[in-house]
Amino acid sequence: MKDSKRVVILITVHQPTFTPLEEISLRQCFEVLGHYPIKLVCPEGMDTSAYRAVIPQIEVDHIPPHWQSSYANFTLMKIEPFLYRRYAQYEYVLFYELDAFVFRDDLAAWCDRGLDYIGAPWFEGMVAAKENAAVHGVGNGGFSLRKVSAMLRGRLSKRLWLRLLATEARQKPLQALRRFIVDLPRIAFGRDTTINYQRGEDSFWGLVVNRHLPWFKVASFDEARQFSFETLPRRLYKLNGERLPFGCHAWTRYDLEFFRPHIEACGYNLDGLVPRSTFHTLEKVG
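121 is the number that the UniProt record's numbering gives to position 121 of the sequence shown; each next residue is one higher, with no gaps.
The following block contains the structure:
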């Protein structure tokens with residue numbers, strides 16, 4: 001197995017079944033990256049037989065259902081230390097949700113760059129970005145490479161905790177005061193602090209952490225567009241000299257017709273397949 005302790009691929013799922021388009025994403029992950037460790041991360045008690053029917057050798061990591069019981073908790077799972085401590089034996093984790101697609105194996109080369117966080121580029125307007133939208137940053141968690149030690153160091157940083165607490169104090173002073181009082185004993189006994197972050201975990205890592213922690217290395221726009229596409233894939237494709245990135249995220253959501261010939265060139269037939277009409281809908285488990 002290639003680079004068995006360098007990087008692990010985490011496919012996070014919360015349902016025992018998947019759509020035909022999600023099956024394509026699953027198959028392609030193993031077709032291209034199957035020589036790396038890959039873990040199917042799902043709630044304890046979830047039936048994984050449908051996944052095993054497609055990928056018999058798939059390794060399953062059952063975690064407490066709480067983490068995937070709602071989208072808010074799923075977001076926290078990618079912020080809090082829990083999952084990064086669980087995979088602390090690896091240098092990097094690649095999050096690969098089942099609306100991602102990988103075109104070729106560039107994974108080791110991206111690990112060699114030494115970045116702490118990389119995902120697809122973002123544009124002003126985010127999911128509703130217009131063709132001429134300005135660059136907003138780099139983020140997107142559904143297909144993202146993260147340095148495990150940097151995730152833990154960033155999340156547990158007292159500087160970051162204080163900065164976020166100060167922001168909270170300006171908006172909700174009493175709530176921030178309660179959090180400060182609760183966290184002081186935690187700090188004294190070496191326990192994890194708490195944070196209040198209401199937006200997506202990808203914006204936490206891609207836009208917030210590096211603003212408060214200068215050492216945290218987020219990919220540049222030019223690096224990110226070679227790593228992954230999400231919104232405005234046609235624009236990014238032109239900027240890349242009509243070369244596809246390492247992978248992409250939400251390819252069925254933003255511009256299926258752009259991705260169609262490239263996905264089908266990998267051996268898949270998309271005729272008659274319809275993407276989900278809603279996204280970020282994580283229903284309760286159990």
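Note that CB positions come from ideal geometry on N, CA and C, so glycine has one too.
- Shortest Cα-Cα distance from N240 to any of D222, Y36, F204 and R211 involves D222.
- The criterion of a C-beta distance shorter than 8 Å is satisfied by A219 and F227.
- Fully contained in the stretch 140 to 219 are the following beta strand (DSSP E) runs of length 3 or more, in chain order: 143 to 147.
- Going by DSSP, H136 is part of the beta strand (DSSP E) stretching over V135 to V138.
- Put simply, of E31, M46 and F259 the residue whose alpha carbon is nearest the alpha carbon of Q57 is E31.
- Contact between V135 and F143 does not hold, since their C-beta atoms are separated by about 18 Å, which reaches or exceeds 8 Å.
- Residue environment analysis places W251 among the buried positions, since at least 16 neighbouring C-beta atoms fall within 10 angstroms of its C-beta.
- Membership of K238 in any beta strand (DSSP E) is not indicated; the residue belongs instead to the alpha helix (DSSP H) covering P233 to L239.
- Counting along the chain, the unbroken beta strand (DSSP E) around E59 starts and ends at E59 to I63.
- Excluding residues up to 5 positions away in sequence, W161 and L164 lie with their Cβ nearer than 7 Å to the Cβ of I195 in the same chain.
- By the C-beta density criterion, N140 is buried, having at least 16 other C-beta atoms within 10 angstroms.
- If you draw a straight line from the Cα of N210 to the Cα of Y197, it is about 15 Å long.
- When DSSP states are grouped into helix, strand and coil, S70 belongs to the coil group.
- Per DSSP, reduced to three states, the secondary structure at C266 is coil, with no helix or strand assignment.
- According to the DSSP assignment, A53 belongs to the alpha helix (DSSP H) that extends over S49 to V54.
- Rounded to whole angstroms, the separation of the alpha carbons of R113 and Y90 is 16 Å.
- With respect to the C-alpha of P37, the residue from F180, I11, R234 and A109 having the closest C-alpha is I11.
- In this structure, Y51 keeps its C-beta atom at 8 Å or more from the C-beta atom of M151.
- In the same chain as P81, and ignoring 5 residues on each side of it, the C-beta atoms closer than 7 Å to its own belong to L152, R155, L156 and D192, in chain order.
- Counting only runs of at least 4 residues, the stretch 86 to 143 fully encloses the following alpha helix (DSSP H) elements, listed from N- to C-terminal order: 107 to 112.
- F246 carries a coil assignment under DSSP once its states are collapsed to helix, strand and coil.
- Its chain contains Q226, F227, S228 and F229 as the residues whose beta carbon lies nearer than 6 Å to that of P245, once the 5 sequence neighbours on both sides are disregarded; these appear in chain order.
- With 16 or more other Cβ atoms inside 10 Å of its own Cβ, I24 counts as buried.
- Contact between N73 and H66 holds: CB atoms are separated by about 6 Å, below the 8 Å threshold.
- Residue pairing by DSSP places C42 opposite H62 in a beta bridge.
- Rounded to whole angstroms, the Cβ separation of V7 and L98 is 19 Å, and the two are not in contact under 8 Å.
- One thing to note: Q28 has its Cβ within 8 Å of the Cβ of V102.
- Listed as beta-bridge partners of I9 by DSSP are I38 and L94.
- With fewer than 16 other CB atoms across the displayed protein chains lying within 10 angstroms of its CB, Q171 is exposed.
- When C-alpha distances from G200 are compared across S70, L33 and G45, the shortest belongs to S70.
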